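J.: First the structure, which I've put down as structure tokens, then a few questions once you've had a look.
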DNA sequence: GCGACAG
DNA sequence: ATCTTGTCGC
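If you want it as structure tokens, here you go:
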């Protein structure tokens, strides 16, 4: 693990803290679901069309788990499968949203950042809880933000994506700034706390995991809206 | 040493 | 993350 930590230091220095999203239409959202005993996983990606507000493509990949879950080292576990599934997208991708942190990380290299160094588009981390630093409680309304501070710097924001609902923690991965990252996540939220691309990717991998997990063809009728696609 | 700790 | 159904509230 010391080796991984050393690598994070080297890679973090290569991050680009700025970029643009002008004209960004296709946003990829990705997530990972784990099988029994943490032996295998399902990585999935969904391409969200900002213009039409719907999914235009989705892919999944099943693989073996090759790294343990250790807080602060999530990227070594999820980057490989996520990069593979992302490479399967046929259409162009303008930005990537991922379940986890970007630079709001102990050593400045969260999953979104590590992933971003392998891609050529802006990446943004959107986590459900804080990993490092401290944050100011945002106001109660949708769109309200409270900055996340780490080592005296603003590395992200606690964003209220719905009135009176717990905020999500947004931080740039690579090739984008804090403000634009927050703006993108908010624009992707459609009535739920989690931005649509990531929420759909989550439903996608959960569904994939279940069908690969069941033996017979039992009548499956789930609450998963239309198989996790186009809400 | 003690507490924290993405998914 | 995962084990898991219905239920209370905005």
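Numbering (my numbering), first residue to last: 4 to 234. Just so you know, even glycine gets a beta-carbon here, dropped at the ideal spot from N, CA and C. Because the structure is a prediction, the values reported are computed rather than measured.
Looking at the structure shown, is residue 116 part of a helix, part of a strand, or coil, going by DSSP?
T.: Looking at residue 116 - three-state DSSP - the assignment turns out to be helix.
J.: With DSSP as the reference, please indicate the residues paired to residue 183 in a beta bridge.
T.: In the DSSP output, where bridge partners are listed per residue, residue 183 has none listed.
J.: Checking the sheet assignment: what are the DSSP bridge partners for residue 98?
T.: According to DSSP, which records beta bridges pairwise, residue 98 is partnered with 30.
J.: Could you tell me the alpha carbon to alpha carbon distance between residue 48 and residue 184, rounded to whole angstroms?
T.: In a straight line, the C-alpha of residue 48 is about 19 Å away from that of residue 184.
J.: With DSSP as the reference, identify every bridge partner of residue 91, one or two as the case may be.
T.: Its beta-bridge partners do not exist; DSSP assigns none.
J.: Buried or exposed: which applies to residue 84, given that a residue is buried once 16 or more other Cβ atoms fall within 10 Å of its Cβ?
T.: The residue in question, residue 84, is buried, as its Cβ has 16 or more Cβ neighbours within 10 Å.
J.: Specify, as a first and last residue, the run of the beta strand (DSSP E) that residue 50 falls within.
T.: Start and end: 43 to 52.
J.: Between which two residues does the beta strand (DSSP E) harbouring residue 237 extend?
T.: The structure shown has nothing for residue 237, since the chain only spans 4 to 234.
J.: If you run the structure through DSSP and keep just helix, strand and coil, what is residue 18?
T.: In this structure, residue 18 counts as coil in the three-state DSSP scheme.
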